[in-house]
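Every position in the sequence shown, counted from 1, becomes a number in the numbering used here once 22 is added. Glycine included, every Cβ here is placed at the ideal spot set by N, Cα and C.
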Amino acid sequence: MAQLGPLAPDRHAAAPGGADAARPVQASQPVQASQIELDQVLPSPEAIQREISHVLSKQLSPALSEWGQRYSRVGKRNTYLWKWCRQGVEVTALGCVAPELYDEVCDTKVLGVMLDVLIDDIADQKGDGRLLE
């Protein structure tokens, strides 16, 4: 099973937390969104940098790497995007996915993202939004 980044919740944990977790807003009365300071809800710059470093060091499976290389021949996307997509898929994976299928499920989801991005890129190049309908 792939390792999640420092900002990713443990998909088997009961509750998020820890030193790198976003700092919760505590108020005795309702808080308006405009009253919330960004540093109360966003991860620290250090935690963000650790997440970026984690994604940059991520190794894609041979199948995803091959599809990413094929995509780069027709589109202006590189491996960095697919690593972020894989990370996002891992972070949002349901806990009910069987461990022996986890990597294949995540790769399949990333391939679906690649297809969506390809269709969007084609629509952008052709200037034809109807392709997205």
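Taking the C-beta atoms as reference points, residue 133 is found nearer than 8 Å to residue 89.
For the options 155, 108, 97 and 65, the alpha carbon positioned closest to that of residue 79 is the one of 108. Between residue 129 and residue 87, the CB-CB gap reaches or exceeds 8 Å. Within a 10 Å sphere around the beta-carbon of residue 68 sit fewer than 16 other beta-carbons, which makes this residue exposed. A residue is called buried when at least 16 other Cβ atoms come within 10 angstroms of its Cβ; residue 73 meets this threshold and is buried. With respect to residue 139, residue 99 sits close: the two C-beta atoms are nearer than 8 Å. DSSP places residue 81 outside both helix and strand once states are collapsed to three, so it counts as coil.
Nearest to residue 147 by C-alpha distance, out of 65, 97 and 77, is 97. C-alpha of residue 111 to C-alpha of residue 91: approximately 20 Å in a straight line. In this model, residue 119 and residue 149 are separated by some 39 Å (Cα to Cα). When C-alpha distances from residue 81 are compared across 141, 60, 103 and 63, the shortest belongs to 103. Rounded to whole angstroms, the gap between the alpha carbons of residue 123 and residue 115 is 12 Å.
For residue 134, the enclosing alpha helix (DSSP H) stretches over residues 124 to 148.
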